[in-house]
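Undergrad: Just so you know, we're using this note's numbering here: the sequence shown kicks off at -11 and counts up by one.
Note that the Cβ used here is the ideal one computed from N, Cα and C, for glycine as well.
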Amino acid sequence: MTTASESGLLETLQHSVAVFARRAEQTRLGGVGQVRNSMDRAAYLLLNRLDSEGPMGVKALAASMGIDSSTVTRQVAPLVDTGLVKRTSHPEDGRAVVLRLSPRGEARLAEVRASRRALMAELTADWTAEDREAFTELLGRFNGALLRRQAGQHGAAPREARTADEAAPEGA
């Protein structure tokens, strides 16, 4: 049973998460600093996955992210068109497609990661190292809980749902 105190806390939490989501999107759309160096969320997550796990097919990429193959196909198309992702034939089955990060995609992902790190440094500049670590840990736990809930609703556990640590890009 939720107490009145817990209910108030949960109300504040849900509102804070909603405001966070809105401000995060506004920040992405507005760019960081003088140079706008942003990337939409879907592209960023797809490029991160290809960078961390290497070349893979559409079905494997979709399964690893817990989304539909049709969604991956739709989201990858502009990345291929802009040269960030290369689409090649599978070496053993020429009918199958393999997606890989292109050198241009690697460079663009590195730029966006650097920009995002700079933003995180700016936003937490007056935080202690312990506060940054605690926030990172708690946000990872929160993301993990969301992923596990999503996986449970869909009956399949995306690889991301295994641990919160896997959701972070390498070197982060």
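Check whether the region 60 to 68 touches the region 107 to 121, taking contact to mean three or more Cβ pairs, one atom from each stretch, closer than 8 Å.
TA: With fewer than three CB-CB distances shorter than 8 Å, the region 60 to 68 does not count as touching the region 107 to 121.
Undergrad: Just how far apart, CA to CA, sit residue 64 and residue 134?
TA: Reading the sequence shown from its first residue, position 76 is the one you call residue 64. Reading the sequence shown from its first residue, position 146 is the one you call residue 134. Using only the alpha carbons, I get a separation of about 24 Å.
Undergrad: Which one or two residues does DSSP pair with residue 73 in a beta bridge?
TA: Position 85 of the sequence shown holds residue 73. Paired residues: 89.
Undergrad: Starting from residue 83, trace the alpha helix (DSSP H) both ways and give me its first and last residue.
TA: Here residue 83 refers to the residue found at position 95 of the sequence shown. Unbroken run through residue 83: none, as it is neither H nor E.
Undergrad: Is residue 26 a contact residue of the ligand ADP, with contact defined as CB to any heavy atom under 7 Å?
TA: Judged by which ligands are present, the structure shown has none, so any question about the ligand ADP falls away.
Undergrad: Throw me the rounded Cβ distance for the residue 72 and residue 96 pair, which I believe falls under 8 Å.
TA: In the sequence shown, counting from the first residue as 1, residue 72 sits at position 84. In the sequence shown, counting from the first residue as 1, residue 96 sits at position 108. Correct: roughly 6 Å between the Cβ atoms.
Undergrad: Am I right that residue 85 and residue 77 are in contact with their C-beta atoms under 8 Å? What's the rounded C-beta distance?
TA: By 1-based counting over the sequence shown, the position of residue 85 is 97. By 1-based counting over the sequence shown, the position of residue 77 is 89. Residue 77 and residue 85 do touch by the CB rule: their CB atoms are close to 7 Å apart, below 8 Å.
Undergrad: Can you tell me whether DSSP reads residue 44 as helix, strand or coil?
TA: Taking the first residue of the sequence shown as position 1, residue 44 is located at position 56. Three-state DSSP puts residue 44 in a strand.
Undergrad: Just to confirm my understanding: we take residue 80, look at its own chain, exclude 5 residues before and 5 after, and list those with CB closer than 8 Å. What are they?
TA: As a position in the sequence shown, residue 80 is number 92, starting the count at 1. Around residue 80: no qualifying Cβ.
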